[in-house]
Every structure is written in C-alpha cells, then in structure tokens.
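As you go down the protein sequences, you meet chains B and X in turn. For the first sequence, the numbering used here gives the first residue as 576, with consecutive numbering after it. For the second sequence, the numbering used here gives the first residue as 1158, with consecutive numbering after it. C-beta: ideal position from N, C-alpha, C; glycine also. Scroll down for the structure; my scribbles are underneath it.
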Amino acid sequence: MMEISATRRFVNTFMLSLSGVCTVAVVSVLFFILGYLLFHGAASLNWDFFTKLPKPSGETGGGMANAIVGSGKVLLLATLIGVPIGFLAGVFLAEYSGKTFAFLIRYVVDLLNGVPSIVIGIVAYALVVRPMKHYSTLAGGVALGIMMIPIAVRTTEEFLRAVPNSIREGAMALGATKAKTVFTVVIPAAISGLVSGMMLNLARVAGETAPLLFTALGNQFWSAGWLAPIATLPVMIYNYAISPEEDLHQQAWAAGFVLLALVLIINVTARLIIARGASAQRR
Amino acid sequence: MATTSPTYIAETLRRRTSRGFLSRLAGGDEISYLITLICAVSILLIVGLIVFELWLNSRLTFATFGFGFLKTSAWDPNANKFGALPFIFGTCVTSFLGMLIAVPLGVASAIFLAEMAPPKLSNILTFLIELLAAIPSVIYGLIGIFILVPILKDYVVPPIQHTLGFLPIFAGNFYGLSFFSAGIVLSVMVVPFIISVSREVLMAVPVEQREAALALGATKWETTWDIVLPNASTGIFGSVFLALARALGETMAVTMVVGNAPKISASLFSPGYSIAAVIANEFAEANGQLYISSLIFMALVLFGLTIIINAVARIFIMTTQGKGA
C-alpha cells in the first residue's frame, strides 16, 4: 500500500479545516447580529415604544405605535393581493398544466423573484401612486403583494407535488371530479406546508423597505383608511438610522429588534412545521 | 403528467362516459381550471406590465439623452443634467467587491457543509445560515452604519493604508461611508445564497464519484477539489450569478453605508453611490419630468441587468440539477 505523502496530508487537513473556519465565520455573523440587536435593541425598548406616536423632531421619547399598526395593514393588503394569485397559479402548475407551459411560467416566476425590490416599488408608484396622485397604504400593499407572488407560486407547487398521487387516484376512483379532488383532498393534505410556506413568504416581505419608500412613504401620525400615506417599521428604522439625533438612533435599534424578532420567530416556526411534516412523510 | 398514468386514464374515462359540458361546469372542473389558468397567466402579464411601465416612464430620458445617458457622469438635477455613469460604476464596484469576499467564503462553507460535516450538524448550520438570509436588509444597514463602519475606521482601514496605501485603490482619506463598507455589507448579505444553492448542487453529485476517487487513493480534499467540485461547477457558477443579481439590486443596506456621493473614484475608501441607492434617496423628492424619468431609466437598466443575470443563473442551476439526479 502506498503511503500518502506528508505534503498531501497537510494540504488535506489544512484546506478542510479552512472550509470549516469559513462556515464558523459565516454562522458567527448571525450570532453577532442577533446578540448586538438583543443587547442594543432590547435595552432601548420600553412600553412607550408600543403605545405612543413618534415625537416631533427635537423632543425625546415617543414610540412607534403607528408604524407597528401600519406594517400590519400593509402586510395584510399584500397578503390579500399576492397570496391568492400565487396560490392559484401554483395549483395550476402542480395539478393542471402541461410541461412546456409550466416550464415557462416557472421560469418567469423565478425571474420575477429576482427583480430588485426597488424596481417593484417604482412599478407600484407608476401603477397606483401616479394615477391617484398621492402616496397610500394601497400602493405599499400592491408593491409588497407583487413581491409575494413568486414564493407563493413555488411553495404551493412544491407542497402539492409532495402529496402522493395515490391520494388523487383514490379520490377520483370514488367519483370525485378533478376540481373536487384538488380542493377538498389534495390541498387539505398539504395544508400545513402551504401555511408555513406563506408564513415564510410574509416574513420575507415584512422587512422590505425599498419598495415602501415612495409608495407607503411614511407618516408621523395615525393613518386612517387605506388611501393615505402610512408609517411602517422598516421605513421608520431607515429614517431614524440616517437622522443625526442620538435619541432616534436608540429608537431605530428598538424597532430593529422588534422587526427582527418578528421575522425570525415566524421564520423558525414555519421551518419547524415544514421539517416536522417532511419527517412525518418519510415515516 | 405522463399520458399513461392511472390518474390520466381515470380522468379521460370519466369524461368520456358520463358528462356533458354543463354538468362538468356545475362540478367546478372547468371553472377551477380557468381560474387557476388566469392566475398563472396574470403572472406573465405582471412581468410584462413591469417592463412596459418602466419603458413608458423612462422614454423621456431616452429621447433626450439617448445612450449617452449611460456614459456621462454629470448629475445636476437643478440644471437638468443627468448621467448614470457614477451610479453604474458604484453598483458594479460594490457588487464586485461583495462577490470577491462572498464567493470564496461561500463556496468553502458549502464544501464543508456538503462534504465534511455530519448530516445533523450540516442541517443545523444550514438552518442558521438560511436565517441569515431572512434578516431584513434595513437591519444590515443599521449594523453597517453603527457597528461595521466604526470598526473599519478604527481597526481595519489604518493597517491597510499603512501597508498598501501606495496603491490607488486604497488611497485617500477614509471617512467611514464608502464603496468598501458597502462591499463588505453586501458580501455578508449574499453569502447565504451562495452557500445554500452550492451545498445542494454539491450534494447532488453522485456519491459513487467520491467513492471511486477515494478508492484510487485520493485524499478527501483531492476528491473534493478534483472530482466533486468540477462536477458541480456549473451549478456553483449559477449560485454565484444568483448572488450577483441580489447584490446589484440590493438597496437599503447599500444606501445606508455607501456615502451617497455621485463620484467616480479609483479608491475603494471614497464615498460613492449606486443605482438602487440613488433611486431610494431621490425618487420621492424628485420633481420635474426629466428627473423622474432619468431615475426610472436607471431602474430599467438595473431591471435588465438583474433579469439577464438571473436567467443565466437559473439555466446553470437547472442543468446541474438535471445531471446530478
């Protein structure tokens, strides 16, 4: 048997450890960010943050109650716009479509997923803000709604495809129509995956700032209805972070902490549900 | 679905034997087909609409400056002078710098996760890395402004300038907000994409390839470097392109740390600007048709660029996944 030379052995150990070091470096960035936000953000968090309006420039204190509600409103609208279209298109891809057409749609969906968010913002501006002549919650919802479509399509398709064909055949053998099979048998079988997929989708757009800058714009006060400019958490973080006032920086950290906690909690929960579903299927 | 599958046969049989069009309509078959089809087609329309709106709203700039717009560097909204060069330059420099750091880091991590780490550890680490991708970009910006920039200013840049300051790319004063800071933030933001796609591509390489190489006496690293990596290279290139498209279009984090000065400078340490950043900063306050139109024209350029890169990346990834299976 041939001995492996010392150089080769050294290169082997060195390069493999190097790859491990790289991984540790990347993962530690995550913990660094989490730790810092926890340390900095949680410290500047107080009850006022959730209940009070922002104070006028120059005064300290105040909170972001309007931005928290605002983010909720914009996200609700985005979900109402993006999820139905994406979900039904996903159903079409998984259950109805022929091969070539499905390939085309899937490809276009992937491209839409890659469109920079700021470009989507401009399109929402041109479609909603310009004709209506003012910034609005609606425009923000449209922008985020478009951004939700690609992931909604891909997760729906993926989870419906994971449902075994025997279930479809069983339903049809009992005389159910195709539509009945899809909507009362296949979709309920995949429901936990679908819901968690949509949660991941929501978490992704919840932190989007760029498309809201010139659609929802921002607001120092409560925003009534759906057609007025509205404050949102990410835009608030941005505005406060680039302002020169130290007190606003503290508020930005607090808002960043709240936003990140929200996004990560949704993310982890959804991923755990998906993982559990996958392991249940394997059994 | 293959035409011989039981589902298909059952369905055709049922169609032939029992029902007319009306009864099928009542059963919801045609309607649900139609509704889902409309939704699928509407996605094509939305993408078409994006292109159309960008084109429509940027025509004025194209009519005024032509392609010269992309080659001039004047940016003076008050004098109605617009040129996109500084922004295109900034977008390219920051993205390139980001990729320069992210690609080696990402590919090395993917190798570790796919080839070395035990499956359980690999899954946990991948989970954590994917959480990194879930962090909103404005939070990266926040960290960038208040933590990264001071660290770079105090600990990283002085030694670099001390030893390599004679090079033009490291020349000049460093005030914190710069191409360099933006590039580093971008690298952290895109590295999760490189890792998760590359890891999957690596894992799709058949295990027999590795066993054969190991059986011939190659070390683990030689197997990885000479056998597995070449097999997966197309997919890894795909992941890099995917990450590049992300970096080019990234807005908030770059806007917050790049310095927002429309200048072209050889030094990485000087402040700059990027396409996405100038749109984010100036669009809401832009007045005048030509000003708005110029910003939208840049959005169109950015859109075209990312679409092309994405299209290439998807094809790359698809071909390797097909081969691996």
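Check your understanding: Which residues, in order along the segment 1396-1419 of chain X, keep a beta-carbon less than 9 angstroms from a beta-carbon of chain B?
Key -> Leu1399, Ala1402, Arg1403, Leu1405, Gly1406, Glu1407, Thr1408, Met1409, Thr1412, Met1413
Review point. For Gly659 of chain B, which option in B:Thr844, B:Ala600, B:Leu835, B:Gly720 has the closest C-alpha, if you only look at C-alpha atoms?
Key: Here the question's residue 659 of chain B lines up with position 84 in the first sequence. Looking at the sequence provided, one finds Pro at residue 659 of chain B rather than Gly. Out of B:Thr844, B:Ala600, B:Leu835, B:Gly720, B:Gly720 has the C-alpha closest to the C-alpha of Pro659 of chain B.
Point to revise | Complete alpha helix (DSSP H) runs within the segment 1321-1367 of chain X (minimum length 4 residues, chain order) | key: 1336-1360
Exercise for review: With DSSP as the reference, please indicate the residues paired to Pro629 of chain B in a beta bridge.
Suggested key: To locate residue 629 of chain B, count along the first sequence from 1; it is residue 54. Looking at the DSSP assignment, Pro629 of chain B forms a beta bridge with B:Gly637.
Check your understanding: Since Met723 of chain B is in the alpha helix (DSSP H), which residue starts that stretch and which ends it?
Key -> Locating residue 723 of chain B in the first sequence gives position 148, counting from the first residue. Start and end: 712-736.
Review point. When the Cα of Leu702 of chain B is compared with those of X:Phe1284, X:Phe1226, X:Phe1269, X:Phe1209, which residue comes out closest?
Key: Position 127 of the first sequence holds residue 702 of chain B. Nearest option by C-alpha distance: X:Phe1209.
Check your understanding: Asp539 of chain B: buried (16+ other C-beta within 10 angstroms of its C-beta) or exposed?
Key -> It is not possible to answer for residue 539 of chain B, since the shown part of chain B is limited to 576 through 858.
Review point. What in chain B is Cβ-close to Arg1216 of chain X, meaning under 8 angstroms?
Key: Taking the second sequence and counting its residues from 1, one reaches residue 1216 of chain X at position 59. Ordered by position in chain B, no residue passes the 8 angstroms Cβ test against Arg1216 of chain X, which lies about 12 angstroms from the chain.
Review point. Quick one: does the C-beta of Asn1417 of chain X sit closer than 6 angstroms to a heavy atom of the ligand NAP?
Key: As far as ligands go, the structure on display features none, and thus does not contain the ligand NAP.
Check your understanding: Where Leu1401 of chain X and Asp623 of chain B are concerned, what is the direct C-alpha to C-alpha distance, given to the nearest angstrom?
Key -> Here residue 1401 of chain X is taken as the residue at index 244 of the second sequence, counted from 1. Here residue 623 of chain B is taken as the residue at index 48 of the first sequence, counted from 1. The alpha-carbon atoms of Leu1401 of chain X and Asp623 of chain B are separated by roughly 41 angstroms.
Review point. So is Tyr1430 of chain X buried or exposed if we call it buried at 16+ other beta carbons inside 10 Å?
Key: Working through the second sequence from its first residue, we reach residue 1430 of chain X at position 273. Buried: at least 16 other Cβ atoms inside 10 Å.
**Study point:** Selection of the segment 1263-1278 of chain X by Cβ proximity to chain B, strictly under 7 angstroms
**Key:** Ala1265, Ser1266, Ile1268, Phe1269, Leu1270, Met1273
Practice item. Ignore the nearest five residues each way along the sequence and tell me which others in Ile1258 of chain X's own chain have a CB closer than 6 angstroms to its CB. Key: Working through the second sequence from its first residue, we reach residue 1258 of chain X at position 101. These residues qualify, in order along the chain: Ser1344.
Review point. How many Å lie between Gly1240 of chain X and Val683 of chain B at the Cα?
Key: As a position in the second sequence, residue 1240 of chain X is number 83, starting the count at 1. As a position in the first sequence, residue 683 of chain B is number 108, starting the count at 1. Near 31 angstroms, if we compare the C-alpha coordinates of Val683 of chain B and Gly1240 of chain X.
Check your understanding: CB-CB under 7 angstroms to Ala727 of chain B, same chain, minus the five flanking residues each way: which ones, in chain order?
Key -> Position 152 of the first sequence, counted from the first residue, corresponds to residue 727 of chain B. Excluding residues within five positions, the ones whose Cβ falls inside 7 angstroms are Gly657, Val658, Gly661, Phe662, Gly665, Met773, Asn776.
Check your understanding: Would Ser1396 of chain X pass as a contact of Gly1329 of chain X if the rule is Cβ separation under 7 angstroms?
Key -> Position 239 of the second sequence, counted from the start, is the residue given in the question as residue 1396 of chain X. Position 172 of the second sequence, counted from the start, is the residue given in the question as residue 1329 of chain X. In this structure, Gly1329 of chain X does not lie closer than 7 angstroms to Ser1396 of chain X by Cβ.
**Study point:** Contact list for Val1295 of chain X against chain B, beta-carbon separation under 7 angstroms
**Key:** As a working mapping, residue 1295 of chain X is identified with position 138 in the second sequence. Neighbours of Val1295 of chain X on chain B, chain order: Gly782, Thr784, Pro809, Ile812, Tyr813.
Point to revise | Listed by chain order, chain B residues near Phe1284 of chain X by CB distance under 9 angstroms | key: For the purposes of this step, residue 1284 of chain X is identified with residue 127 of the second sequence, where counting begins at 1. Those are Val843, Arg846, Ala850, listed as they occur along chain B.
Point to revise | Any chain X beta carbon closer than 7 angstroms to Val761 of chain B | key: As a working mapping, residue 761 of chain B is identified with position 186 in the first sequence. With 7 angstroms as the cut-off, Val761 of chain B does not count as an interface residue toward chain X.
Check your understanding: How is Lys1238 of chain X classed by DSSP in three states: helix, strand or coil?
Key -> As a first step, residue 1238 of chain X is located in the second sequence; it is residue number 81 there, counting from the start. Three-state result, Lys1238 of chain X: strand.
Review point. Given that a residue counts as buried once 16 or more other Cβ atoms are within 10 Å of its Cβ, and exposed if not, what is Glu1272 of chain X?
Key: Counting from 1 along the second sequence, the entry for residue 1272 of chain X is found at position 115. Its Cβ being crowded by 16 or more others within 10 Å, Glu1272 of chain X is buried.
Exercise for review: Answer yes or no: does any C-beta atom of chain B fall closer than 7 angstroms to that of Ile1474 of chain X?
Suggested key: To locate residue 1474 of chain X, count along the second sequence from 1; it is residue 317. No, because no Cβ of chain B sits closer than 7 angstroms to the Cβ of Ile1474 of chain X.
Check your understanding: So is Gly636 of chain B buried or exposed if we call it buried at 16+ other beta carbons inside 10 Å?
Key -> Indexing the first sequence from 1 puts residue 636 of chain B at position 61. Classification of Gly636 of chain B: exposed, given that the 10 Å Cβ count is below 16.
Point to revise | Interface flag, Asn587 of chain B vs chain X, CB-CB below 7 angstroms | key: For this step, residue 587 of chain B is matched to residue 12 along the first sequence. Taking Cβ atoms only, chain X reaches closer than 7 angstroms to Asn587 of chain B, which makes this a yes.
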